[in-house]
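Numbering (the working numbering), first residue to last: 35 to 431. Ideal placement from N, C-alpha and C gives every residue a C-beta, glycine not left out. Let me begin by presenting the structure, written as structure tokens, before commenting on it.
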């Protein structure tokens, strides 16, 4: 009888492992390590360690890769052909395969545009293929904001689809005051720019019209976050703008201190809840919230007689169509769970993607406007560009 029970349990565990359903994945192309226009620079030099992370964006069959170490933005087709480039001439050799803007007389969609960046950061692309990229100001142009307890030293540069510099956006619009540290850049379906900044005691959300005019600024003090109950310690993990409407979403984890009965001191701090709340831009009032389910899995070291579990937290990565929450949770053995939820808290899909953990130096995942997940996976010899058809997870009427 005991053998029969063990066999049933073993079959159940095996079935759970085999029941994982994976999202369709494809490696689009590989970017070799190097200094040339079609290469990516992941190291300051061959002998120095990895330095700055890079960013990626995909839309309309094109893939934009921002390479921070090289101060350049590359535009590829989905097959990996380089079609345009914005590059800092002080840090990159003159391109050999692309005509340099201003030095040729013919009309071509393939071109390289030199621009003297200082230190690029995050970026985004709007529906007109304008490029909006964070850049750090030279040190002599930094300002100190005593109220924010932060240096104001970032601006958002705007480039035309052809790579021509247009202007820059600051806190109060075109050519405005610099931003503090920028955490995220996004554009809405109406090409409205959203700049999310972090300072020691608050998050700031700057919202701009498509022309760059300042629309609104929302401050989110970390000491006044919504609380599901008293006695918890909140930690704001992410702020993501809605791409369909003027709304932001906050992913907050809540922790509980547990005291030792003998010493009366804090014995441990456990994560108790995770919530996503949303706030409308017009009034800055929370309009709703939903609890995120726990992802408790048996660890790979567990056995039938010693069952051990681990709680894997979720990270909010996007709000597709403004109606769903897409979250990811990194588990063991290169498995990453994707959870699609409705704003009513209903779990719609659970699926998996595979991302190697050991060989990858860093990865940047980003959800496109049409809900396709694209990733830049960096290795010691270059970077792979992948996509996952996460749009297939959305319910279609």
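C-alpha distance - residue i paired with residue j, whole-angstrom precision
| i | j | result |
| --- | --- | --- |
| residue 223 | residue 67 | 34 Å |
| residue 83 | residue 77 | Here residue 83 scores only 48 on pLDDT, less than 50, and its place in the model should not be relied on; the value that follows carries that caveat. Rounded to whole angstroms, residue 83 to residue 77 spans 6 Å at the Cα level. |
| residue 255 | residue 148 | 40 Å |
| residue 422 | residue 366 | 19 Å |
| residue 262 | residue 289 | 11 Å |
| residue 376 | residue 323 | 11 Å |
| residue 199 | residue 330 | 49 Å |
| residue 325 | residue 345 | 16 Å |
| residue 241 | residue 285 | 19 Å |
| residue 332 | residue 370 | 15 Å |
| residue 90 | residue 293 | 45 Å |
| residue 413 | residue 55 | 26 Å |
| residue 161 | residue 264 | 44 Å |
| residue 427 | residue 153 | 37 Å |
| residue 492 | residue 363 | Shown here, the chain extends from 35 to 431; a query on residue 492 therefore has no answer. |
| residue 343 | residue 304 | 15 Å |
| residue 258 | residue 374 | 28 Å |
| residue 411 | residue 111 | 17 Å |
| residue 379 | residue 328 | 13 Å |
| residue 202 | residue 245 | 11 Å |
| residue 405 | residue 217 | 21 Å |
| residue 95 | residue 62 | 11 Å |
| residue 269 | residue 108 | 36 Å |
| residue 247 | residue 208 | 7 Å |
| residue 430 | residue 355 | 11 Å |
| residue 75 | residue 397 | 14 Å |
| residue 368 | residue 386 | 10 Å |
| residue 260 | residue 309 | 10 Å |
| residue 229 | residue 283 | 14 Å |
| residue 390 | residue 210 | 42 Å |
| residue 173 | residue 128 | 27 Å |
| residue 73 | residue 101 | 9 Å |
| residue 409 | residue 169 | 22 Å |
| residue 227 | residue 157 | 11 Å |
| residue 97 | residue 400 | 12 Å |
| residue 197 | residue 60 | 29 Å |
| residue 87 | residue 155 | 9 Å |
| residue 137 | residue 236 | 47 Å |
| residue 120 | residue 132 | 11 Å |
| residue 407 | residue 143 | 27 Å |
DSSP bridge partner residues for residue i (one or two, in chain order)
| i | result |
| --- | --- |
| residue 184 | 179 |
| residue 269 | 287 |
| residue 363 | 371 |
| residue 261 | Note: residue 261 sits in no beta bridge, so no partner. |
| residue 344 | 331 |
| residue 143 | BP columns for residue 143 are empty, so no partner. |
| residue 274 | 283 |
| residue 304 | 290 |
| residue 148 | 121 |
| residue 60 | 421 |
| residue 310 | 285, 324 |
| residue 154 | 169 |
Beta-carbon proximity list for residue i, same chain, < 6 Å, skipping 5 on both sides
| i | result |
| --- | --- |
| residue 48 | With a pLDDT of 36 at residue 48, under the threshold of 50, the modelled position of this residue cannot be trusted, and the question is left open. |
| residue 252 | 239, 318 |
| residue 361 | 348, 350, 373 |
| residue 134 | 146 |
| residue 225 | 160, 161, 244 |
| residue 99 | 90, 108 |
| residue 279 | 356 |
| residue 232 | 215, 217 |
Cutoff 8 Å; reference residue i; Cβ partners in own chain excluding five residues on either side
| i | result |
| --- | --- |
| residue 212 | 171, 175, 176, 177, 186, 187, 188, 189, 204, 205 |
| residue 58 | 422, 423, 426 |
| residue 150 | 122, 123, 124 |
| residue 81 | In this predicted model, residue 81 has a pLDDT of only 49, less than 50, meaning its place in the structure is not dependable enough to derive any value. |
| residue 321 | 281, 312, 313, 314 |
| residue 130 | 70, 71 |
| residue 126 | 69, 71, 104, 105, 106 |
| residue 358 | 374, 375, 376, 377, 382, 428 |
| residue 306 | 266, 288, 289, 290 |
| residue 64 | 114, 416, 417, 418, 419 |
| residue 192 | 164, 165, 166, 199, 200, 201, 202, 203, 246 |
Same chain, Cβ closer than 7 Å to residue i, five either side skipped, listed in chain order
| i | result |
| --- | --- |
| residue 93 | 159, 402, 403 |
| residue 195 | 162, 163, 164 |
| residue 250 | 241, 315 |
| residue 393 | 413 |
* Below 8 Å, can you find three or more Cβ-Cβ pairs linking the stretch 114-130 to the stretch 179-186? -> The stretch 114-130 vs the stretch 179-186: no contact.
* **Touching by the beta-carbon criterion (3+ pairs, under 8 Å), the stretch 349-361 and the stretch 267-275** => With a cut-off of 8 Å, the stretch 267-275 and the stretch 349-361 count as touching, because enough Cβ pairs lie within range.
* **In chain order, each alpha helix (DSSP H) run of at least 4 residues that lies wholly inside the stretch 82-139** => Secondary structure within the stretch 82-139: not one fully enclosed alpha helix (DSSP H) run of 4 or more consecutive residues is present.
* Run through the stretch 163-251 for me and flag every whole beta strand (DSSP E) of 3 or more residues, listed as ranges in chain order. => The qualifying runs are 165-170, 177-179, 184-186, 188-193, 199-204, 216-221, 227-233, 236-242.
* Asked: Of all the beta strand (DSSP E) runs that stay within the bounds of the stretch 365-424, which reach a length of 3 or more residues?
  -> Those beta strand (DSSP E) runs which fall completely within the stretch 365-424 and span 3+ residues are 369-376, 381-388, 396-401, 407-413, 416-422.
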